[in-house]
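Undergrad:
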Amino acid sequence: MSLTDAKPFADISKLSHMPGEREILFGLGAIFRIVSIEDYPDVCWVKLQLCSNNDIELKPVFDRLRSRICEKTSVEDFAVVLYEMGLLDKAKKTFKQLLTMCPKTNPERIHIYRFLGQIADEQGDYEQGIDMYNQTMQLEDEFLSLDDPERAKTLNNLALVFKAIGKNSDAVTCLEKALAIWTNAKGDYRENIAKCLNNLGILFAHEQPHRALDCFEQGLNIRREILPANDADIAENLGNIGGAHGILGNYELALTYAQQTLTMLTNTLPSMSAKMADAYRSVGVAHANLGDYQQALHFYHKAAVILRQIMEPNHPKLLQIEQDIRRMTMKRAGASFNRRFDEVLAHLINSHKDTPSNMSKEDNK
Numbered sequence: 000m001s002l003t004d005a006k007p008f009a010d011i012s013k014l015s016h017m018p019g020e021r022e023i024l025f026g027l028g029a030i031f032r033i034v035s036i037e038d039y040p041d042v043c044w045v046k047l048q049l050c051s052n053n054d055i056e057l058k059p060v061f062d063r064l065r066s067r068i069c070e071k072t073s074v075e076d077f078a079v080v081l082y083e084m085g086l087l088d089k090a091k092k093t094f095k096q097l098l099t100m101c102p103k104t105n106p107e108r109i110h111i112y113r114f115l116g117q118i119a120d121e122q123g124d125y126e127q128g129i130d131m132y133n134q135t136m137q138l139e140d141e142f143l144s145l146d147d148p149e150r151a152k153t154l155n156n157l158a159l160v161f162k163a164i165g166k167n168s169d170a171v172t173c174l175e176k177a178l179a180i181w182t183n184a185k186g187d188y189r190e191n192i193a194k195c196l197n198n199l200g201i202l203f204a205h206e207q208p209h210r211a212l213d214c215f216e217q218g219l220n221i222r223r224e225i226l227p228a229n230d231a232d233i234a235e236n237l238g239n240i241g242g243a244h245g246i247l248g249n250y251e252l253a254l255t256y257a258q259q260t261l262t263m264l265t266n267t268l269p270s271m272s273a274k275m276a277d278a279y280r281s282v283g284v285a286h287a288n289l290g291d292y293q294q295a296l297h298f299y300h301k302a303a304v305i306l307r308q309i310m311e312p313n314h315p316k317l318l319q320i321e322q323d324i325r326r327m328t329m330k331r332a333g334a335s336f337n338r339r340f341d342e343v344l345a346h347l348i349n350s351h352k353d354t355p356s357n358m359s360k361e362d363n364k
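Structure, rendered in structure tokens:
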């Protein structure tokens, strides 16, 4: 790989005024690939590899990020970047500032309210999320036609909140309306259709896993047509396919998909994102279903480390992973006890085999 267009870095420790200080100077915009991460008692050792701006694997990812984040610099773009980075509190604060700056006659308020709904949903404040989406739809009634594709975005997001609070039938209704709008809209909305199919699959997963698999695979086929091979959305689809296989009892296949998803997301997402936590938990669930409680606990702990830093203490995802850890700890302890019991029982049986069985009582005369 040619590195002629890579941003350099250099060890400038020898130039430091502080004896014994290790200092590295990075060129602005330097890009590194994480090769490996090793945990030691007092330090985390991360091995990096310098990458070119035109790296054959990374360039499609960068191009896609640029297409999602406008080239112009504005407060709204900054808020979107904060949201994409998982800095939800900062993003929320910035979007609220935007509302005070944006006139009530400006249709851009639709996007702002929708983002505030997404943030509330991800933070587990579902009542607030529904309120934000209702305000979004009121603005859509004022500014948009009934078949405007922007309406489908709000319906899709509202469905996620309904799912979170257990209103699955309402969620399916929203998604089917969104899918109809995007399918009949002029223009290329394949990416939105794929996302909608993926969300429908999630709703069908437990009660209709075969139908869910069909939705996931349709969405995956669409995404593979339009996205880079290592895109995070493709990884999400693969993870959901693995989850459906787990529900169907195909545990080995579920583990394969979960591991593939984790590998892809590790290369494309920040290490402390909620999606990374979801990926670690999925690998843990797959190991648990296979009876490997030690490995399951290992991945649950990795998910918990992330969620404890980015979620409020009462967030459903954090509560879930804490429950997973407690349950898996008990199962591991039970499995260890059972193994020890079997070993002791086998030893006693073998000892009994070696003991003469024709012993007679001593007559009491």
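Going by numbering that gives the first Met the number 0, the first residue of the sequence shown is number 0, and it counts up by one from there.
The beta-carbon is built from N, C-alpha and C at its ideal position, and this holds for glycine as well.
#1: Roughly how many angstroms separate the alpha carbons of K274 and I111, rounded to a whole number?
#2: Does the segment 175-183 come into contact with the segment 145-153, if we say contact requires no fewer than three beta-carbon pairs (one atom in each stretch) closer than 8 Å?
#3: Is there contact here, the segment 84-94 with the segment 118-130, by at least three beta-carbon pairs under 8 Å?
#4: Is the beta carbon of V282 closer than 7 Å to that of A257?
#5: Thinking C-alpha only, which one of D146, A29, R222 and L157 is nearest I129?
#6: Do you know offhand how far Q366's Cα is from V42's?
#7: Take the Cβ of A302 as the centre, count every other Cβ of all protein chains shown within 10 Å, and call the residue buried at 16 or more, exposed below.
#8: In chain order, what are the residue ranges of uninterrupted beta strand (DSSP E) at least 3 long that sit wholly in the segment 248-320?
#9: Please return the same chain residues whose Cβ sits closer than 7 Å to the Cβ of Q127, not counting the five positions on each side in sequence.
#10: Here's the rule I'm using: 16 or more other beta-carbon atoms within 10 Å means buried, otherwise exposed. How should M100 be labelled?
#11: Go ahead and label C69 buried or exposed: buried means 16 or more other beta carbons lie within 10 angstroms of its beta carbon, across all protein chains shown.
#12: From which residue to which residue does the beta strand (DSSP E) around S35 run?
#13: Express the C-alpha separation of M84 and P312 in angstroms, rounding to a whole number.
#14: Would you grab the beta carbon distance between H286 and F298 for me? Rounded to a whole angstrom, and I think it's under 8 Å.
#15: For the alpha helix (DSSP H) that contains I23, what are its first and last residues?
#16: Quick check on the burial criterion: 16 or more other C-beta atoms within 10 angstroms. Buried or exposed for A228?
#17: With a threshold of 7 Å between beta-carbons, can Q259 be considered close to chain C, or not?
TA: Inspection of the coordinates gives the following:
#1: 23 Å
#2: Between the segment 175-183 and the segment 145-153 there are three or more C-beta pairs closer than 8 Å, enough to call the two in contact.
#3: yes
#4: yes
#5: L157
#6: Outside the displayed range of the chain (0 to 364) lies residue 366, so it cannot be described from this structure.
#7: buried
#8: none
#9: A119
#10: exposed
#11: Unreliable placement is indicated for C69, whose pLDDT of 49 sits below 50; the coordinate value is still reported in the next sentence. So C69 counts as exposed.
#12: First-last of the beta strand (DSSP E) with S35: I30 to D38.
#13: 20 Å
#14: 7 Å
#15: It is not in any alpha helix (DSSP H) - I23 instead sits in the beta strand (DSSP E) that spans I23 to F25.
#16: exposed
#17: Going by chain labels, chain C is absent from the structure shown, which holds only one protein chain.
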